[in-house]
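Chemist: Sharing a structure here in structure tokens format.
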Amino acid sequence: MSETQTYTFEVNPMTCSGCTKSVEKALNNLGGVDNINFNLENKTVVLTTAKTFQEIVDAIGKTGKTAELK
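Per UniProt numbering, the sequence shown starts with residue 1, numbered consecutively.
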């Protein structure tokens, strides 16, 4: 089993609660993602997962948004 890590991603565009809901849904559908915390002001999401950062970037990308590891 992989170790869990905490990642911070900058997500664009992320300007409203609708944006966070779509990203949260994509991450929940991916599975294995915990402690998802959004900061709209900084356009960031912090999460804990055993998934790779690329799996997270790809899941967020499916929402039409970009994600960069911070």
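Even for Gly, the Cβ is constructed at its ideal location relative to N, Cα and C. Everything numeric in this text was worked out from a predicted model, so none of it was measured.
Roughly how many angstroms separate the alpha carbons of Thr49 and Leu30, rounded to a whole number?
Modeler: Residue mapping note: residue 49 aligns to position 49 of the sequence shown, counting from 1. Residue mapping note: residue 30 aligns to position 30 of the sequence shown, counting from 1. Rounded to whole angstroms, Thr49 to Leu30 spans 10 Å at the Cα level.
Chemist: Taking the beta carbon of residue 71 as the centre, do at least 16 other beta carbons fall within 10 Å, making it buried, or is it exposed?
Modeler: Beyond the ends of the chain as shown, which are 1 and 70, falls residue 71; an answer cannot be given.
Chemist: When we look at the beta-carbon of Cys19 and count the other beta-carbons within 10 Å, is it buried (16 or more) or exposed?
Modeler: To locate residue 19, count along the sequence shown from 1; it is residue 19. Buried, since its Cβ has 16 or more Cβ neighbours within 10 Å.
Chemist: Any idea if Lys51 is buried or exposed, counting beta-carbon neighbours within 10 angstroms, 16 or more meaning buried?
Modeler: Start at 1 with the first residue of the sequence shown, and residue 51 comes out as number 51. Under this definition Lys51 is a buried residue.
Chemist: Just the Cα atoms here: how many angstroms apart are Gln54 and Tyr7?
Modeler: Residue mapping note: residue 54 aligns to position 54 of the sequence shown, counting from 1. Residue mapping note: residue 7 aligns to position 7 of the sequence shown, counting from 1. Those two C-alpha atoms are separated by around 11 Å.
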